[in-house]
Amino acid sequence: MRVGVLQTQVPFVRGGAERHSANLCAALRRHGHEVAEITLPFKWYPTSTLIDSILAARLTDLSEIEGVPTDLMIGLRFPAYLARHPNKVYWIIHQYRQAYDQWDAGVSDLLDDPEGDVVRHLVHAEDRKAFADTTHPVYANSKTVAKRLQTHLGQKATPLYHPPPNAELLTPGPFGDYLFAPGRLNPSKRPELLLQALAKTATPLRLVIAGVAENQSYMEMLRAEAQELGVSDRVEWLGGIDDETMRACYANARAVVFVPQDEDYGYITLEAMLSGKPVITTTDAGGPLEFITSGKQGLVCDASPLALAESFEALMQDKPSAERLGTAGYELYHRLNISWDHVVETLTGQSRPRDSLRPTLATDVVETAEVTEAADKTADPQADAVARLRTAIAPSQTPQVSLPFQSMSDVLSAYDFETLPPVETPDTEGANTAPPDTGLAAYLGTHWTRFLTTLDMVSDLAPKTVLDVGVFPPLAFEAMMVNALPGVHLDGVWEGPEAYYQKIKSRNGQLPDFDILLRPANIEQDRLPYEADSFDLVLGMEIFEHLALDPYFFLSEAARVLKPGGHILLSTPNVVSHRGVWKTLNGQSAYSFGLFVPTGGVYGRHNREYAPHEVETLAQSAGFETDVLKTVDVYDDAIDPGTAELLCAREDNLALRGETIFYVGRKTGAPTGVPAGFYHGDPERMSGALHVTGHEAQTGLVRVQVTNQSPSWWPQAKGYATCLLAEWIDPGGILRHTNTFVPLTDALGPGASQTINIRIDPGLDAGTETLPTHGTLRLDLFQTGVGRFSGTGRANSITLPCSEDAFIKLVRQGSGSHA
């Protein structure tokens with residue numbers, strides 16, 4: 001494609017934003033796109049000049065250059081991303097912060113300008129209009145930036161992470177005897193706080209600072225403060241360093257210290273993680289907190305000298321802890337799929353062909369021949385590949401959880417799962433056990449390994465309250481759970497039309513009894529019937545693949561009912577498992593279960609099976625941070641040797657080729673909107689209501705209230721705009737006309753309503769049945785280019801008596817009239 005990257009340029013300034021844009025352009029070119037970086041000069045003072053810059057961007061038309069259309073524009077920074085183009089995708093580095101968070105913090109220059117508030121509202125209006133007009137999801141370079149968009153504009157944005165510059169150079173190394181603090185030296189990075197913390201340490205620690213001050217006077221002030229605090233001999237000032245020195249400093253440090261104030265993203269955090277080093281940061285650091293959880297990938301403390309000093313000493317005195325935290329950070333980075341390939345594929349919707357698909361080169365043949373000659377001719381490459389794959393995806397042979405059961409038959413024998421009292425016979429009179437149903441035991445027994453694998457992960461989380469979604473009697477797994485987690489409280493959601501309650505008793509009285517209430521809900525359409533922040537864990541075992549309409553809706557509802565820091569645990573078939581690959585290569589469907597189940601309705605079969613990173617992407621967009629993403633062969637341990645050899649030759653991540661996906665995510669933020677590539681349209685916006693609030697029979701004027709019941713703004717124009725679908729059905733019940741028209745005067749925010757006026761035939765009563773001599777007008781909410789909202793089950797239709805002439809007049813008016 002022909003792609004433009006819209007970037008603002010402050011003359012004579014080159015920093016992280018400029019490197020960010022250059023790296024994006026380079027990545028796009030590697031994917032075969034024709035790329036131009038389009039920069040607009042930006043000066044933000046005085047406010048009249050800022051307004052001129054906004055106007056200049058608005059007037060710039062980039063839809064074609066010298067008669068050749070540009071396929072896609074990627075907007076990075078304000079106001080350049082306001083330039084006109086019919087196909088823009090936004091990846092926001094940051095907004096014009098002086099009109100947003102810096103205004104709220106009282107540090108914006110606009111506060112000192114008489115026109116500052118007017119300009120602030122202008123910036124908000126321009127941003128809101130720009131984001132509402134795109135047909136693509138809005139992306140931000142971090143959760144921190146996404147949160148600002150949500151806070152100030154009500155705009156959902158999906159975090160899309162990218163690697164730091166020179167990521168490929170960074171490697172883990174030994175844990176040395178110094179703390180490393182890289183980065184520009186300016187007040188927002190708070191180097192003076194590091195010096196003050198160093199002075200508070202009880203033991204002498206060494207701090208290595210790399211970076212150039214924005215001006216010499218600031219550097220002199222820092223050196224003077226170090227002297228005054230008595231730590232000059234413990235601080236090493238490296239100044240600007242080359243790439244190799246930077247790599248070595250990261251690799252050999254004990255830990256990396258990064259204490260900015262409300263950082264947008266923060267390459268230093270990612271560079272530390274790539275170097276396998278724990279990060280010490282503060283509770284107000286912003287971007288670093290998206291990756292660092294205290295006690296997991298580093299330490300997070302208050303932004304005070306004493307708290308930082310304690311964190312310094314904790315890692316300098318405990319090398320094993322530093323190693324454990326650094327390893328966890330390194331592993332987290334690689335689980336997050338932070339790569340330029342992922343960025344380009346997300347923004348463009350196009351994947352680059354794998355290197356493995358390139359034509360074979362002569363040098364490859366020579367190298368292969370040499371290796372083959374040197375290889376042990378008795379080796380069996382397929383057997384080795386099978387062994388490697390099995391090691392990567394085999395279930396644990398030593399479950400962590402201790403249970404009083406050895407099989408599913410034991411579980412069914414230990415509890416009375418029946419809802420009716422048993423009928424005593426001469427053979428069973430006086431007995432406190434009954435033989436389990438052998439057919440049921442055999443069926444549930446096929447899931448035994450999956451249950452144990454799930455239970456190990458549940459026990460690691462140690463929840464006190466659990467919501468099991470999609471549960472169905474008999475409640476065998478729940479019996480296992482109450483024995484593994486004494487005192488756990490269980491709730492459930494099921495498909496049944498009524499609520500279901502059961503108290504399940506141990507047959508011998510030695511195991512814990514438990515009870516559970518299952519509430520009915522369609523988890524793709526209905527809000528979960530619980531208050532926000534109610535549960536420690538939401539469990540979704542083998543339900544994801546049954547969803548047919550909107551898995552994101554379910555995940556966002558799960559996030560709502562979870563407590564802050566709570567977890568979701570999902571298990572679902574892996575469509576790209578080694579078995580799925582074998583099926584595809586042999587002309588079969590890759591689905592693990594492709595049968596139709598008429599008795600189960602639309603949810604009886606597998607409607608969509610997923611690849612591991614698809615589950616992760618959906619969960620992350622709903623506000624979860626990945627704790628575990630793995631796959632396990634829990635049903636069948638057979639492996640085709642040829643498939644295993646193929647996967648190993650491709651150097652695949654074998655740990656993600658097992659037959660069942662297990663995902664554990666921690667709730668860390670609010671949902672950011674549906675991710676790209678999963679939906680036709682934006683289903684998050686498709687919740688709304690239509691109500692007739694008034695009718696003047698003598699004039700035919702009908703007032704219809706339109707209410708946005710979604711969590712997102714409804715755009716009024718361009719892509720994915722919300723409008724009304726108007727249909728006319730003749731007196732014989734035949735649909736004759738279908739038209740859309742846009743009745744909204746402006747974008748409509750979450751929870752807001754707007755009243756529109758439409759005219760039908762005078763003298764008809766809008767509250768009566770359709771008159772046979774006329775016909776029926778049916779109105780639906782509709783997303784432009786996508787379809788009617790009622791398909792999601794989260795919007796209604798209304799009908800009114802209406803003649804064909806009145807219908808035609810209504811839709812030909814185009815936008816109708818407004819109250």
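As numbered in UniProt numbering, the sequence shown has no gaps in its residue numbers, which increase by one up to the final residue, 819.
A virtual CB, placed ideally from N, CA and C, is assigned to each residue, including glycine.
CA-to-CA distance, residue j to residue i, given in whole angstroms
i	j	result
residue 274	residue 717	44 angstroms
residue 462	residue 143	27 angstroms
residue 609	residue 660	10 angstroms
residue 118	residue 252	51 angstroms
residue 218	residue 186	8 angstroms
residue 582	residue 640	7 angstroms
residue 746	residue 131	14 angstroms
residue 729	residue 681	27 angstroms
residue 720	residue 786	7 angstroms
residue 771	residue 732	For residue 771, the pLDDT reaches just 49, beneath the cut-off of 50, and the residue's location in the model is therefore unreliable, leaving the point undetermined.
residue 529	residue 656	34 angstroms
residue 375	residue 384	In this prediction, residue 375 scores a pLDDT of 42, lower than 50, which makes its location untrustworthy; the coordinate-derived value is nonetheless stated afterwards. Each residue's Cα considered, the two are about 14 angstroms apart.
residue 411	residue 474	11 angstroms
residue 361	residue 442	Reliability fails at residue 361, whose pLDDT of 33 lies under 50, so the model's placement of it is uncertain and no value is given.
residue 401	residue 386	28 angstroms
residue 373	residue 381	In this predicted model, residue 373 has a pLDDT of only 43, less than 50, meaning its place in the structure is not dependable enough to derive any value.
residue 485	residue 565	19 angstroms
residue 56	residue 743	31 angstroms
residue 405	residue 643	36 angstroms
residue 171	residue 247	7 angstroms
residue 100	residue 444	56 angstroms
Within 7 angstroms, strictly: CB atoms of residue i and residue j
i	j	result
residue 261	residue 284	yes
residue 820	residue 39	Absent from the structure is residue 820, since the part of the chain shown begins at 1 and ends at 819.
residue 562	residue 596	no
residue 704	residue 695	no
residue 782	residue 725	yes
residue 789	residue 688	yes
residue 555	residue 619	yes
residue 700	residue 761	yes
residue 179	residue 229	no
residue 589	residue 158	no
residue 154	residue 749	yes
Closest residue to residue i among the options (Cα-Cα distance)
i	options	result
residue 849	162, 119, 135 and 281	The chain is shown from 1 up to 819; residue 849 falls before or after that span and cannot be answered.
residue 91	754, 166, 347 and 219	347
residue 796	706, 739 and 464	706
residue 465	415, 155, 568 and 526	568
residue 905	116, 585 and 572	Beyond the ends of the chain as shown, which are 1 and 819, falls residue 905; an answer cannot be given.
residue 497	503, 523, 114 and 398	523
residue 488	84, 459, 475 and 599	459
residue 793	525, 190 and 270	525
residue 29	9, 42 and 4	4
residue 323	277, 309, 342 and 333	277
residue 727	802, 334, 685 and 688	802
residue 125	106, 149, 741 and 107	149
residue 557	545, 540 and 546	540
residue 301	279, 320, 319 and 184	279
residue 244	169, 163 and 533	169
residue 334	630, 638 and 54	630
residue 175	663, 250, 237 and 205	250
residue 800	774, 67 and 471	774
N-terminal and C-terminal residue of the beta strand (DSSP E) that residue i is part of
i	result
residue 274	That residue, residue 274, is in no beta strand (DSSP E); its alpha helix (DSSP H) goes 267-274.
residue 320	Note, residue 320: premise wrong, no beta strand (DSSP E); alpha helix (DSSP H) at 319-335.
residue 90	88-94
residue 723	722-729
residue 219	Run containing residue 219: none in the beta strand (DSSP E); it sits in the alpha helix (DSSP H), 216-229.
residue 41	34-41
residue 73	72-77
Terminal residues of the alpha helix (DSSP H) in which residue i lies
i	result
residue 200	191-200
residue 450	448-461
Notebook entry, point to check: Which ranges would you report for the beta strand (DSSP E) in the UniProt domain "Methyltransferase type 11" (514-569) if only whole runs of at least 3 residues count?
Noted result: For the UniProt domain "Methyltransferase type 11" (514-569), whole beta strand (DSSP E) runs of length 3 or above, ordered along the chain, are 514-520 and 535-541.
Next item on the list: Tell me the start and end of each unbroken beta strand (DSSP E) in the segment 242-309 that is at least 3 residues and wholly inside, in chain order.
Entry: Segments of the beta strand (DSSP E) lying fully in the segment 242-309: 255-257, 279-282 and 298-301.
Next item on the list: Can you check the segment 135-164 for any alpha helix (DSSP H) of at least 4 residues that lies completely inside it and give the ranges in chain order?
Entry: Runs of the alpha helix (DSSP H) inside the segment 135-164: 143-153.
Next item on the list: Quick one: which unbroken beta strand (DSSP E) runs of 3-plus residues sit fully inside the segment 748-807? Chain order, please.
Entry: Listed in chain order, the complete beta strand (DSSP E) runs (minimum 3 residues) inside the segment 748-807 are 753-759, 776-783 and 797-801.
Notebook entry, point to check: Mind pulling the alpha helix (DSSP H) runs of 4 or more residues that sit fully within the segment 601-635?
Noted result: You should have 612-621.
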